[in-house]
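Here is the structure we will look at, set down as structure tokens.
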Amino acid sequence: MSVRSMAAEVDSASDSGDLSTFGYGQQLRRKIGSYGSFAAGFSFVSILTTVFQLFFFGFGFGGPAFFWTWPIVLIGQLLVALCFAELAARYPISGAIYQWATRLGGRLWGWTAGWLMMVAQVVTLAGAAIALQVVLPPVWSGFQLVPGDSSLTSPTGAANAVVLGVLLLCLTTAVTATGVRLMSVINSVGVTCELVGVALLCVALFAHAERGPAVVLETQGTAGHGYLWSFAVSGLMAAYVLVGFDSAGELSEETRDPRRTTPRTIVRAVLVSGLGGALMLLATLMAAGSVTDGSLGDPARGLPFVLTSRLGDTLGRVFLVDVAIAIAVCTLAIQTAATRMVFSMSRDGVLPFSAGLATVNPRTGTPVRASVLVGVLAAALLLVNVGNPALFTTIASVCIMLLYLAYLMVTLPLLVRRLRGGLPARADEFSLGRWGVVVNVLAVVWGALMAINLGWPRVEVFDPAGGHLYLQWFAPLFLIGTLAVGALAYATRTRRPALAVLALDGAE
Numbered sequence: 001m002s003v004r005s006m007a008a009e010v011d012s013a014s015d016s017g018d019l020s021t022f023g024y025g026q027q028l029r030r031k032i033g034s035y036g037s038f039a040a041g042f043s044f045v046s047i048l049t050t051v052f053q054l055f056f057f058g059f060g061f062g063g064p065a066f067f068w069t070w071p072i073v074l075i076g077q078l079l080v081a082l083c084f085a086e087l088a089a090r091y092p093i094s095g096a097i098y099q100w101a102t103r104l105g106g107r108l109w110g111w112t113a114g115w116l117m118m119v120a121q122v123v124t125l126a127g128a129a130i131a132l133q134v135v136l137p138p139v140w141s142g143f144q145l146v147p148g149d150s151s152l153t154s155p156t157g158a159a160n161a162v163v164l165g166v167l168l169l170c171l172t173t174a175v176t177a178t179g180v181r182l183m184s185v186i187n188s189v190g191v192t193c194e195l196v197g198v199a200l201l202c203v204a205l206f207a208h209a210e211r212g213p214a215v216v217l218e219t220q221g222t223a224g225h226g227y228l229w230s231f232a233v234s235g236l237m238a239a240y241v242l243v244g245f246d247s248a249g250e251l252s253e254e255t256r257d258p259r260r261t262t263p264r265t266i267v268r269a270v271l272v273s274g275l276g277g278a279l280m281l282l283a284t285l286m287a288a289g290s291v292t293d294g295s296l297g298d299p300a301r302g303l304p305f306v307l308t309s310r311l312g313d314t315l316g317r318v319f320l321v322d323v324a325i326a327i328a329v330c331t332l333a334i335q336t337a338a339t340r341m342v343f344s345m346s347r348d349g350v351l352p353f354s355a356g357l358a359t360v361n362p363r364t365g366t367p368v369r370a371s372v373l374v375g376v377l378a379a380a381l382l383l384v385n386v387g388n389p390a391l392f393t394t395i396a397s398v399c400i401m402l403l404y405l406a407y408l409m410v411t412l413p414l415l416v417r418r419l420r421g422g423l424p425a426r427a428d429e430f431s432l433g434r435w436g437v438v439v440n441v442l443a444v445v446w447g448a449l450m451a452i453n454l455g456w457p458r459v460e461v462f463d464p465a466g467g468h469l470y471l472q473w474f475a476p477l478f479l480i481g482t483l484a485v486g487a488l489a490y491a492t493r494t495r496r497p498a499l500a501v502l503a504l505d506g507a508e
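In full-length UniProt numbering, the protein residues as written are 1 to 508.
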């Protein structure tokens with residue numbers, strides 16, 4: 001046995017012993033290093049996937065000046081990420097949001113945060129899988145398996161999106177069930193392709209610039225107070241994109257030296273995503289053939305249209321293939337994170353059928369049943385897109401509000417903990433030090449404002465076609481429904497006696 005292998009075994013044993021202080025045994029396998037941990041957080045955000053999907057939304061409401069919503073959201077989410085980084089150093093446990101909220105706010109509080117997060121992850125998973133329809137048919141018409149119009153809003157396009165999405169979910173379910181090493185390798189390779197693709201895409205678009213960077217100051221004829229509302233709505237695009245960086249924490253029990261690795265990769269995922277996304281937005285605005293003809297705000301055209309029209313059909317398709325890779329690894333990352341959330345909550349006996357869902361396959365070291373459940377739920381949700389694409393889009397949008405609420409349910413009790421006596425850190429742990437209270441206060445304010453902004457019943461966001469009042473008010477209705485179903489699930493949960501594993505302070 002090599003010295004490196006012996007050192008790895010010693011480190012793994014140390015990590016397992018660390019986990020035991022929280023009352024858990026090492027069931028999952030520690031195979032993820034620093035880059036794999038970063039890839040888990042970055043691929044959930046997946047700027048190449050989400051910016052391609054949602055560019056039209058931000059531009060349609062705010063014009064070129066919507067660019068400035070990106071750095072605003074980035075700063076806000078970085079504040080949240082810094083709080084999460086501290087918690088990842090203190091509680092390196094799978095089911096990050098659930099575990100952190102439980103230890104900071106109590107069992108019911110933590111369960112609610114975990115439930116909201118789990119629902120949001122499943123819906124986000126379906127939304128990511130369906131994105132293949134945006135890029136694959138333009139690459140090759142053969143990907144339009146359902147004959148007819150490939151537009152996502154058409155009946156045949158919506159049906160084909162479900163077919164492609166289900167096929168992708170079958171693949172990601174198989175990978176997540178096979179083992180964390182395979183998942184990490186695929187994810188890391190995919191993230192590398194995405195990073196290279198973002199860099200080359202920006203270079204290519206900047207090389208074809210039609211105008212200077214001052215374009216980001218244009219508001220399409222709307223200015224002053226009247227523009228603030230449009231600006232706030234356009235900011236939802238960035239809010240939809242810059243989430244999921246906490247997924248690095250979901251894999252803490254499979255990460256080597258997680259107390260040191262995970263906090264840094266959470267922050268790094270936000271910073272790299274923020275920089276890459278800003279460059280993509282700027283490059284697109286500078287290279288677009290026109291910023292006034294309506295194409296950039298058209299759901300059927302948007303950023304993909306800029307690629308093919310400015311870079312040529314062949315090069316444009318090459319970049320679209322890279323986007324398809326990004327969508328696949330994004331879907332894989334989301335399913336992995338959701339699976340770990342289900343596993344973590346089931347291990348504590350707080351979900352129905354917990355005994356089965358918490359089972360870890362001894363051969364693969366993965367919670368196979370939890371992975372299959374997440375995949376099946378996401379695939380079932382995709383069927384909504386066949387009958388009512390508008391409803392599916394609304395559900396996918398509203399679930400981001402649930403993510404922000406779950407984040408808020410971590411940062412808020414964390415602030416209370418700080419004010420009551422601080423958050424002591426070991427010498428080798430990530431800590432905000434004297435800046436902790438300031439960062440935490442701003443993170444709470446930010447999270448509350450964004451949750452309100454995301455859930456505000458705007459007709460132009462949730463019911464642009466008009467005539468469906470339930471769509472306009474879908475955000476609060478969906479939240480109430482989610483909590484109601486959650487209350488039923490909580491009432492029928494597996495009641496685990498004593499719950500000694502929830503040593504709420506663990507190894508602080």
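Just so it is clear, CB atoms sit at the ideal spot from N, CA and C, and this is done for glycine as well.
Give me the Cα-Cα distance between residue i and residue j, rounded to the nearest whole angstrom.
| i | j | result |
| --- | --- | --- |
| Val122 | Phe392 | 13 angstroms |
| Ala326 | Ala465 | 31 angstroms |
| Ala113 | Gly76 | 20 angstroms |
| Val437 | Leu74 | 19 angstroms |
| Met286 | Phe206 | 7 angstroms |
| Ala288 | Phe66 | 15 angstroms |
| Gly148 | Pro137 | 11 angstroms |
| Asn301 | Ser295 | The identity of residue 301 in the sequence shown is Arg, whereas the question assumes Asn. Each residue's alpha carbon lies about 6 angstroms from the other. |
| Leu195 | Ala337 | 21 angstroms |
| Gln220 | Thr292 | 8 angstroms |
| residue 532 | Ser290 | With the chain covering only 1 through 508, there is no way to say anything about residue 532. |
| Pro299 | Glu254 | 39 angstroms |
| Pro457 | Asp257 | 44 angstroms |
| Tyr227 | Arg181 | 49 angstroms |
| Pro497 | Thr21 | At Pro497, the pLDDT of 41 sits below 50, so the modelled position is not reliable and the matter cannot be decided from this model. |
| Gln99 | Phe343 | 12 angstroms |
| Ala358 | Val146 | 38 angstroms |
| Thr308 | Val323 | 13 angstroms |
| Arg103 | Leu315 | 50 angstroms |
| Thr339 | Ala370 | 5 angstroms |
| Asp463 | Gly349 | 39 angstroms |
| Trp140 | Ala248 | 34 angstroms |
| residue 538 | Arg420 | Because the chain here runs from 1 to 508, residue 538 falls outside it and cannot be looked at. |
| Ala204 | Cys193 | 16 angstroms |
| Val163 | Gly127 | 13 angstroms |
Throw me the rounded Cβ distance for the residue i and residue j pair, which I believe falls under 8 angstroms.
| i | j | result |
| --- | --- | --- |
| Gly447 | Thr411 | 6 angstroms |
| Tyr490 | Val80 | At roughly 26 angstroms, the Cβ-Cβ gap does not stay under 8 angstroms, so Tyr490 and Val80 are not in contact. |
| Thr492 | Pro362 | Contact doesn't hold; Cβ gap of about 28 angstroms is too wide. |
| Leu125 | Ala378 | 4 angstroms |
| Phe430 | Glu210 | Actually they do not touch by this definition, with Cβ atoms about 44 angstroms apart. |
| Pro92 | Ser346 | Actually they do not touch by this definition, with Cβ atoms about 19 angstroms apart. |
| Ser444 | Leu415 | Note that residue 444 is Val in the sequence shown here, rather than Ser. Yes, Val444 and Leu415 are in contact; Cβ-Cβ is about 5 angstroms, under 8 angstroms. |
| Ala199 | Gly165 | That pair is no contact at about 28 angstroms. |
| Ala214 | Leu403 | Incorrect: roughly 34 angstroms between the Cβ atoms, too far for contact. |
| Asn440 | Arg418 | 6 angstroms |
| Phe56 | Val134 | About 10 angstroms separates the two Cβ atoms, so there is no contact after all. |
| Pro413 | Gly105 | 4 angstroms |
| Val398 | Ala451 | Incorrect: roughly 11 angstroms between the Cβ atoms, too far for contact. |
| Thr364 | Gly179 | 5 angstroms |
Give every residue of the same chain whose Cβ lies closer than 6 angstroms to the Cβ of residue i, excluding the five residues on either side of it in the sequence, and list them in chain order.
| i | result |
| --- | --- |
| residue 536 | Within the shown structure, residues of the chain are numbered from 1 to 508, placing residue 536 beyond reach of any answer. |
| Met118 | Met341 |
Ordered along the chain, which non-local residues of its own chain (more than five positions away) have a Cβ less than 7 angstroms from that of residue i?
| i | result |
| --- | --- |
| Phe42 | Val191, Ala269, Val272 and Ser273 |
| Ser14 | none |
| Asp246 | Phe84, Ala96, Ile97 and Ile266 |
| Leu279 | Cys202 |
| Arg30 | Ser12, Asp15, Glu254, Thr255 and Arg256 |
| Val360 | Gln27, Leu28, Thr366 and Pro367 |
| Tyr35 | Ser188 |
Residues in its own chain within less than 8 angstroms of residue i by CB, not counting five upstream and five downstream?
| i | result |
| --- | --- |
| Leu332 | Ser43, Thr172, Val175, Thr176, Met183, Ile186, Asn187 and Gly190 |
| Leu19 | Gly25, Gln26, Pro92, Ile93 and Glu253 |
| Ile395 | Val123, Leu381, Val384, Phe474 and Phe478 |
Scan the segment 338-395 and note each continuous alpha helix (DSSP H) run of 4 residues or more that stays entirely inside, going in chain order. 354-357, 368-382 and 384-387
Between the segment 23-31 and the segment 264-281, can you find at least three pairs of beta-carbon atoms closer than 8 angstroms? no
Touching or not, the segment 238-246 and the segment 42-49, by the rule of three or more beta carbon pairs under 8 angstroms? yes
State whether the segment 66-74 contacts the segment 315-333, with contact taken as three or more CB pairs (one from each stretch) at a distance under 8 angstroms. no
Please determine if the segment 377-392 and the segment 157-173 are in contact, where contact requires at least 3 C-beta pairs separated by less than 8 angstroms. yes
Which runs of the beta strand (DSSP E), 3 residues or longer, sit entirely within the segment 415-459? none
Uninterrupted alpha helix (DSSP H) stretches inside the segment 213-296 (no shorter than 4 residues): 225-241, 247-250 and 258-287
Do the segment 227-237 and the segment 55-62 touch if we need at least three Cβ pairs shorter than 8 angstroms? yes
Should the segment 105-112 be called in touch with the segment 142-153, which here means at least 3 C-beta pairs below 8 angstroms? no
Kindly provide the ranges of any alpha helix (DSSP H) runs that are 4 or more residues long and lie completely inside the segment 107-135, ordered along the chain. 107-129
Contact between the segment 165-184 and the segment 367-381 is defined here as three or more beta-carbon pairs at a separation below 8 angstroms; is this criterion met? yes
With a floor of 4 residues, list each alpha helix (DSSP H) that falls wholly inside the segment 29-115, ordered by position along the chain. 34-45, 47-62, 69-90 and 96-105
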